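Worksheet: one structure, shown below.
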Amino acid sequence: MDLISPEDYSSLPIDLTERFVAFEEICRRNLNRLITRETPEHFDQMIRLEYMTLVAAAAEECGVEGFRSPWQMDRPYDAFDNFLLQATGVSTRVRLRSVG
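Residue numbers (our numbering): 2 to 101.
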């Protein structure tokens with residue numbers, strides 16, 4: 002199961018910052034759906050790494066700053082919580098800018 006489908010990609014907004022926010026939201030929603038109490042820890046780690054990789058790449062491609070690539074982190078498996086907080090903060094800033 003991918004965190005984002007080809008259909009999701011084609012539905013993303015034109016504006017790059019809005020595109021990033023929508024992309025991250027789709028990936029996070031699917032991440033939360035895929036990780037359950039029943040899934041093995043190894044699977045959960047791989048999905049978290051995929052989320053971090055996709056979101057970091059999307060941020061770079063969309064010109065959104067505020068992310069470190071998971072591969073620049075000492076222990077990417079352990080960096081998920083901090084990365085998720087970064088994604089939340091960046092998405093919040095973008096959403097607030099687009100309101101006014």
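Note that beta-carbon positions come from the ideal geometry of N, C-alpha and C, so glycine has one too. Note that the structure is a prediction, hence the values are computed from the model and not measured.
>> Can you find the residues in the same chain that come closer than 7 angstroms, C-beta to C-beta, to Gln87, ignoring five residues on each side of it along the sequence?
In response: The residue labelled residue 87 in the question sits at position 86 within the sequence shown. Excluding residues within five positions, the ones whose Cβ falls inside 7 angstroms are Gly67, Phe68.
> Is Ser11 helix, strand or coil by DSSP?
Replying inline: Position 10 of the sequence shown holds residue 11. Residue state, collapsed to three classes: helix.
> Ordered along the chain, which non-local residues of its own chain (more than five positions away) have a Cβ less than 8 angstroms from that of Leu4?
Replying inline: For the purposes of this step, residue 4 is taken as the residue at position 3 of the sequence shown. Only Ile27, Cys28, Asn31, Leu32, Leu35, Ile48, Glu51, Tyr52, Leu55 meet the Cβ criterion.
> Is the Cβ-Cβ distance between Cys63 and Thr93 less than 8 angstroms?
Replying inline: If you number the sequence shown from 1, residue 63 lands on position 62. If you number the sequence shown from 1, residue 93 lands on position 92. For Cys63 and Thr93, no; Cβs fall outside 8 angstroms.
> So which of Pro41, Arg20, Leu97, Ser99 has the shortest CA-CA distance to Ala60?
Replying inline: Taking the first residue of the sequence shown as position 1, residue 60 is located at position 59. The residue with the shortest Cα to Cα distance from Ala60 is Arg20.
> Rounded to the nearest angstrom, how far is the Cβ of Val65 from that of Val91, given a contact under 8 angstroms?
Replying inline: Residue 65 sits at position 64 when you count from the first residue of the sequence shown. Residue 91 sits at position 90 when you count from the first residue of the sequence shown. Right, their Cβ atoms sit about 6 angstroms apart.
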